[in-house]
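Residue numbers (my numbering), protein chains in the order written: chain X, 1 to 94; chain A, 101 to 194. A short worksheet on the structure shown next.
Number of protein chains: 2
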Amino acid sequence: MGDVYKAIADPTRRAILDELRDRAGQTLFELCKRLIGKGFTSSRQAVSQHLAVLEEAGLVVIRREGRYIFIDLDTSPLQQIYDRWGIGPCASDT
Amino acid sequence: MGDVYKAIADPTRRAILDELRDRAGQTLFELCKRLIGKGFTSSRQAVSQHLAVLEEAGLVVIRREGRYIFIDLDTSPLQQIYDRWGIGPCASDT
DNA sequence: ACGATATGCAAGCGGTGACTTGCATGTCAA
DNA sequence: TTGACATGCAAGTCACCGCTTGCATATCGT
């Protein structure tokens with residue numbers, strides 16, 4: 001398993017997670033286009049490498065169908081950050 | 101304000117946060133000794149530089165008294181991670 | 001089958017970050 | 001005041017990371 005902390009350290013990777021949160025099941029090309037539309041200059045290869053890191057960290061699930069890949073977000077690995085230092089929304093529930 | 105994500109990307113900095121969570125108000129020397137005791141090989145200067153990064157990110161509060169500095173943990177900047185991707189312990193409450 | 005599309009793989013490059021080294025500053029005790 | 005202690009500052013080194021480049025692979029439409 002990859003390092004979740006390292007995975008979210010990069011701004012481009014965080015933008016990818018943002019994009020996947022807004023629209024699930026995107027294709028690599030779709031993702032690239034949208035990122036470029038949001039001002040990011042990342043090439044397809046760069047995004048692909050970022051996805052590999054995110055997948056290693058478990059933050060992203062990649063499902064392959066034919067010549068496409070469909071990418072989905074999985075935020076559950078972020079849970080360990082909360083678990084480690086004990087913060088979170090619940091604290092403000094009362 | 102510094103980047104919280106970048107701040108927690110480094111294993112040594114996470115160990116510092118762990119140590120401060122277990123024991124608040126430590127001195128730089130104290131912190132170094134404990135980290136070395138836990139198997140980290142960081143020098144004093146290295147730890148000092150890490151603290152600067154953590155302070156920039158708001159994860160640590162440094163209070164200076166005489167020739168000592170006292171370091172305290174502040175986990176509130178981590179909240180933005182939850183706010184951004186909306187996960188957390190509450191989801192599994194039901 | 002053939003061309004076009006969508007993605008994978010690998011080597012190389014530049015910049016950034018973590019660490020060390022050496023010295024400077026400041027504070028306490030005697 | 002002087003020496004020991006606790007920390008700050010700055011330059012230099014080295015490895016890693018993100019990115020590009022170029023080519024390879026695989027799938028769909030016609």
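Every residue, glycine too, gets a C-beta built ideally from N, C-alpha and C.
Residue pairing from DSSP places Asp172 of chain A in a beta bridge opposite A:Val161. The beta carbon of Gln26 of chain X sits closer than 8 Å to those of Glu19, Leu20, Arg34, Phe70, Ile71, all from its chain and outside the five residues before and after it, given in chain order.
Counting of Cβ neighbours within 10 angstroms places Thr141 of chain A among the exposed residues, the total staying below 16. By the rule that beta-carbons nearer than 8 Å mark a contact, Ile8 of chain X touches chain A. Unbroken beta strand (DSSP E) runs of no fewer than 3 residues, entirely contained in the segment 2-63 of chain X, are not found. By alpha-carbon distance to Tyr82 of chain X, the top candidate from A:Gly102, A:Leu131, A:Leu117 is A:Leu117. Under the three-state reduction of DSSP, Arg167 of chain A is assigned to coil, being neither helix nor strand.
Using a CB distance cut-off of 8 Å, Arg14 of chain X counts as an interface residue toward chain A. Against chain X, a Cβ distance below 7 Å from Ile181 of chain A picks out Leu78, Ile81.
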